[in-house]
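Read the structure below first, then the notes.
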Amino acid sequence: MRLMSDKDAAARDRGITEMSAIGPHQLRKSRQAPENLGIVIVDDDNAIVVFNDMAERMSGHARDNVIGHHSSTVLPPEIHTSETNNSLSSTGEKPTGPLRAGLHRLSVTRHDGTCFNAELEVSQLQVGDRRLHVITLRDVSPAAGHVLSDGICATIVHETDRGIVVLDAESRISHVNPAFGILSGYSEDEVAGNDFSILFSGHGRDIRTLQQFRQQVSEGSSFEIDIQARRRDGGNIWLRAAATPVHDAHGVLEQTIVILSDVSRDRDLRYLQQDVVEALASGLSLREVMDFICRRIERIVPDVQALVMMTEDGKVMHPIGRASLPKAVVAQYDGARIGPAAGSCGTAIHRHEEVIVPDIATSPLWEGLADVPLEHGLHACWARPIILRDGQVSGAFTLFSPEPGHPSTWCRRVVGACVHLCMLAIVQEHARQSIDRLAHYDGLTGLPNRAWLRQYCTQTRPHPAPRVTMVLNLDRFQKINEAMGHAVGDTLLMEVARRLRSTLHAGDILTRTDGDEFVIMTETAPEQAAVRAERLLRILDAPLMVEGVELRPNASIGISISDAIDPVEDMKTVMKHAYSALSQAKEAGRNCYRFFSPEMNRAAEDRITLAAALRRAAPSGKTG
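Sequential numbering from 38 applies to the sequence shown in the working numbering.
Below is the structure:
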């Protein structure tokens, strides 16, 4: 046994005196510290005066061997304020200076020379005119394996926002926490002793859910299950139950701990996504899908009104979806310019980022635009751009609120999902348009094709006024194609399409219905049809240089006049008549036009004869 020096004995006696001055309550508190907490009390001379049981176990030092000794016997030198203390351990000198107050994480050396990581908290305790230092030690080594006390566990159960239900072996409720009451509306007294099924909504699916719950409890493993529950006030709520069966040492079920969380909003959002995907698959138009999204978001996010805007060129925007938003507010956006101060929506598109305006009345982004929404009681507006996969901004999803302020976390979460759904809808619309263009438009000239014309003739209702249809067929195009190649033929076709476009009037329709065939439908009066046909022939006859070769496109034109009462039947008949007239033009020697009507043909022939006579007479001056 080590003999105590006179100095150590004096320190011990002084410590005993100071301990007496601390008082029984404070002394008992230090001795009854939590089981995993070491307590060391040091006086102003850095002599240890208190060393509790846990400090003994953690450090390996016996209490009798450290009381009255310098604190460095147990504590690391870094805990002192002296700047030289870090190098003292190698010289054997004792650290100087007072202990550093606060929380420290340091390595502590045990009596046997091993080390452990400790969390040391230093605080001061005034006893009369003397100052003591209280050091608490907690082992924070990974292997320390902290065990939560019953008190800490009780605090967690009481303070968590998740509902906790404890069931006995028969699935009867034995305990619930306060959060359960908030979720369900029931107090512990109202549910204690009742079967867990008291929470169920009474829906037909509940029987299957309850059977599944009990089956999984009997299997003994932790599991999760969604339950449609009914609150005490009669409202429905979806709860996710995370259940953990607890067994005794013999494997017999003692109780089941169930942690409940409200997933009603999660399910609302999932149903929204599922319904929109179904709407996309159902063939609804883009506007119908966007309106649907707006209606659904207004159902699950209270006190907001939704609007979806689109832009084709990044300069102006147009509304594509709305629900309850007043028409006057929507109209203000229709055709509005996009820019750095174009309201929440136009600014979000311009910036390519979310724009939150908590108060429309005072926001510079709404200068000159705020009157209309304010008149309708809308004071806040939040917009998020709809960005496609290629980075292009195609629009914005916008929410208006009657109350000034920022969107809630739930609101922003729903908007994020809706923006993604809007992006999918727009991508699908672009794909649909591309497919439609491939199916109904000529890839070479960009003109509507025969399928488009057929659909037009059978599904539209043209104006019943007289209508002129011209079928134009290029003469000897096949020979040009064979002699000079398809590249030259394609160049010729594109030039012919360009020339024909240049002759169109408002309301005219031009289509390419075959390799060398075009159809023009026009509101031109029947008596002007011959004039239009002659002009077409002249424009086409202009020379065209292709790969150093001069080409002069010629065409045969068949013309049919429509004046029937039934426009649809008339369109079918008119097309037949126009093709019949085209055959006549080819038989007449090509590079000419013919009408289906014999009377119109005779009139056209008279015009041609007269024009030829005038040309012959002009040089000799015999015109009159």
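The beta-carbon is built from N, C-alpha and C at its ideal position, and this holds for glycine as well.
Shown here for Gly626: not one same chain residue has a beta carbon closer than 7 Å to its own, the five before and five after excluded. Under the three-state reduction of DSSP, Arg374 is assigned to strand. When rounded, the separation of the alpha-carbon atoms in Ile172 and His443 is 47 Å.
Between Phe217 and Ile201, the C-beta spacing is below 8 Å. The three-state secondary structure of Leu143, taken from DSSP, is strand. Within the same chain, no residue comes within 7 Å of Glu519 by CB-CB distance, once the 5 residues on both sides are set aside.
One alpha carbon belongs to Asn273, the other to Gln249, and they sit about 20 Å apart. Restricted to the region 492-553, the alpha helix (DSSP H) segments that are unbroken, complete and at least 4 residues in length are 514-521, 523-538, listed in chain order. Cα atoms of Leu481 and Leu490: separation of roughly 17 Å, rounded to the nearest angstrom. Looking at the DSSP output, Trp275 shares a beta bridge with Gln265.
Counting only runs of 3+ residues, the beta strand (DSSP E) found wholly inside the region 274-307 occupies 290-299, in chain order. It is roughly 42 Å from the alpha-carbon of Arg575 to the alpha-carbon of Glu466. Taking C-beta atoms under 8 Å as the contact rule, Glu587 and Val525 fail to qualify, at a distance of about 12 Å. Under the three-state reduction of DSSP, Leu461 is assigned to helix. If you look at Gly241, you'll find it isn't in any beta strand (DSSP E); DSSP assigns it neither H nor E. Our two residues, Phe632 and Val508, have alpha carbons roughly 11 Å apart in a direct line. Taking 8 Å as the cut-off, the beta carbon of Val177 is found closer than this to the beta carbon of Asn154.
Residue pairing by DSSP puts Phe153 in a beta bridge opposite Val145. Val203 is bridged by DSSP to His212, Ile294. Fewer than three Cβ pairs drawn from the region 421-433 and the region 266-281 lie within less than 8 Å of each other, which leaves the two stretches out of contact. Residues of the same chain with a CB within less than 8 Å of the CB of Lys352, apart from the 5 flanking positions on each side, are Arg374, Ile375 in chain order.
Pairwise C-beta distances place the region 538-554 out of contact with the region 606-616, as fewer than three of them are shorter than 8 Å.
Under the three-state reduction of DSSP, Tyr616 is assigned to helix. DSSP places Arg168 in the strand class (E or B) of the three-state scheme.
Going by C-alpha positions, His107 is about 13 Å away from His170. Straight-line spacing of the CA atoms in Arg142 and Thr446 works out to 37 Å. A Cβ-Cβ contact shorter than 8 Å links Val159 with Leu136. Here DSSP, grouped into helix, strand and coil, assigns Ser221 to helix.
Taking the Cα positions, Gly134 is about 6 Å away from His117.
Excluding sequence positions up to five before and after Ala566, its CB lies within less than 6 Å of the CB of Val505, Ile596, all in the same chain and listed in chain order. In the displayed model, Thr435 falls within a strand according to three-state DSSP. DSSP places Pro485 in the strand class (E or B) of the three-state scheme.
A residue is called buried when at least 16 other Cβ atoms come within 10 angstroms of its Cβ; Cys494 meets this threshold and is buried.
Taking a C-beta distance under 8 Å as the contact criterion, Phe434 and Val451 do not qualify as a contact pair. If only uninterrupted beta strand (DSSP E) runs of at least 3 residues are considered, those enclosed by the region 356-408 are 392-394. The beta carbons of Ser211 and Ala191 sit no closer together than 8 Å.
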